[in-house]
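In my numbering, the protein residues as written are 47 to 396.
Virtual Cβ for every residue (Gly too), placed ideally from N, Cα, C.
Please read all numbers here as calculations on a predicted model, not as lab measurements.
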């Protein structure tokens with residue numbers, strides 16, 4: 047078998063592995079394959095084969111990438127390299143792939159006044175109104191919004207079913223009556239869809255789903271007309287939804303159910319710290335409750351509902367009294383002690 051044929055076979059097997067074993071979406075698979083092809087092209091240019099991969103080769107490739115690519119690109123490159131070399135190829139030698147850290151993105155939430163100003167700008171425009179209200183009220187990702195189908199909307203329960211990119215997983219998020227009415231008004235004027243998009247919820251005049259560029263341009267244009275000076279992009283609505291839920295006392299688990307975050311630490315990165323409104327709410331609700339110090343967490347008792355303590359800890363994080371690492375440790379401790387309590391209860395029952 048020629049080397050080119052071998053490489054094609056490896057790429058096909060890698061794609062199958064990403065699809066079946068990792069549950070990646072087709073767009074994620076295409077991106078991973080493109081990055082892997084770039085790696086293979088570099089190998090060939092430098093006289094290497096896939097079979098030759100070992101530590102020195104990886105180090106040389108990473109040095110090349112660090113000189114050529116921006117930090118954001120390096121994050122995806124190093125993640126894919128780890129998947130391809132460590133997990134898929136299962137090399138006998140240990141290959142250490144360092145994941146670059148993404149630069150901090152502006153995660154300042156929109157205010158309710160700014161959101162209302164944007165909604166006012168698009169009054170009388172059913173498609174734009176429905177798109178932005180679904181973004182705001184659900185906090186879903188842009189890709190999730192683009193892939194919504196009509197049957198995903200449950201007008202009776204005021205919910206939307208979101209199909210995850212990974213595998214056939216779904217989650218259900220809540221919407222308001224205002225959001226549901228905006229969707230209904232859009233469906234009343236929705237144009238004829240192209241055959242391949244007949245079930246798509248949001249389509250443009252040509253009958254197909256909107257592009258990422260369309261959504262980005264829409265948000266930028268409406269924000270500018272509304273006089274908003276901060277950087278506004280589609281993901282900003284997701285940040286806003288998460289921040290508002292946190293400010294109004296929702297627990298991390300409640301926010302996770304709506305946002306779809308698997309990792310709590312990632313979710314916490316979205317939430318802005320203390321402001322006067324959070325301070326007032328905090329003092330009103332928890333002003334007479336003793337502070338959870340680091341020492342207290344070692345002997346934490348959860349005679350009450352664990353969510354009570356999770357909510358209290360979350361407020362401490364919002365207040366800036368503990369950092370995200372301390373919050374994560376505290377939440378893990380609460381879960382651990384609750385599990386131990388449950389196991390003891392099960393034993394007693396037996």
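- Looking only at 86, 134, 70, the smallest Cα-Cα distance to residue 59 is reached by 134.
- In this structure, the straight-line span from the alpha carbon of residue 168 to that of residue 179 is close to 11 Å.
- Bridge partners of residue 105 according to DSSP: none are assigned.
- Note on geometry: alpha-carbon atoms of residue 109 and residue 378 lie some 38 Å from one another.
- Between residue 127 and residue 95, the C-beta spacing is not below 9 Å.
- Excluding sequence positions up to five before and after residue 239, its CB lies within less than 7 Å of the CB of 246, 249, 253, all in the same chain and listed in chain order.
- Between residue 172 and residue 106, the alpha-carbon positions lie close to 53 Å from each other.
- Around the beta-carbon of residue 185, 16 or more other beta-carbon atoms lie within 10 Å, marking it buried.
- In this structure, residue 189 places its C-beta atom within 9 Å of the C-beta atom of residue 73.
- Here residue 235 carries a helix assignment [DSSP, helix/strand/coil].
- When secondary structure is reduced to three states using DSSP, residue 205 falls in the strand class.
- One thing to note: residue 155 has its Cβ within 9 Å of the Cβ of residue 290.
- Residue 183 and residue 271 have their C-alpha atoms some 21 Å from each other.
- Excluding residues up to 5 positions away in sequence, 338, 368, 373, 376, 377, 380 lie with their Cβ nearer than 8 Å to the Cβ of residue 359 in the same chain.
- Taken through DSSP and simplified to helix, strand or coil, residue 308 comes out as coil.
- When DSSP reads this structure, residue 255 sits in a beta bridge with 249.
- Of all alpha-carbon atoms in 223, 87, 255, the one lying nearest the alpha-carbon of residue 237 is that of 255.
- For residue 219, the enclosing beta strand (DSSP E) has its first and last residue at 216–220.
- Here DSSP, grouped into helix, strand and coil, assigns residue 278 to coil.
- Rounded to the nearest whole angstrom, the CA to CA distance from residue 243 to residue 209 is 16 Å.
- Remark: C-beta atoms of residue 276 and residue 160 approach each other more closely than 9 Å.
- Cβ contact annotation for residue 282 (same chain, cutoff 7 Å, sequence separation greater than five): 156, in chain order.
- Each of 299, 229, 87 was checked against the Cα of residue 53, and the nearest Cα belongs to 87.
- Per DSSP, the unbroken alpha helix (DSSP H) holding residue 191 starts and ends at 188–192.
- Judged by DSSP secondary structure, residue 177 falls within the alpha helix (DSSP H) whose first and last residues are 172–184.
- Selection 219, 175, 295, 163 evaluated against residue 269 yields 163 as nearest (Cα-Cα).
- Beta-bridge annotation (DSSP): residue 161 is not paired with any residue.
- With contacts defined by Cβ atoms closer than 9 Å, residue 304 and residue 220 form a contacting pair.
- The continuous alpha helix (DSSP H) containing residue 56 extends over residues 49–66.
- In this structure, the beta-carbon distance from residue 301 to residue 288 falls below 9 Å.
- Residue burial annotation: residue 116 is exposed, with fewer than 16 other C-beta atoms found within 10 angstroms of its C-beta.
- If you ignore the 5 residues before and after residue 56, its C-beta comes within less than 7 Å of the C-beta of 96, all in its own chain and listed in chain order.
- For residue 353, DSSP records no beta bridge to any residue.
- Going by C-alpha positions, residue 111 is about 45 Å away from residue 385.
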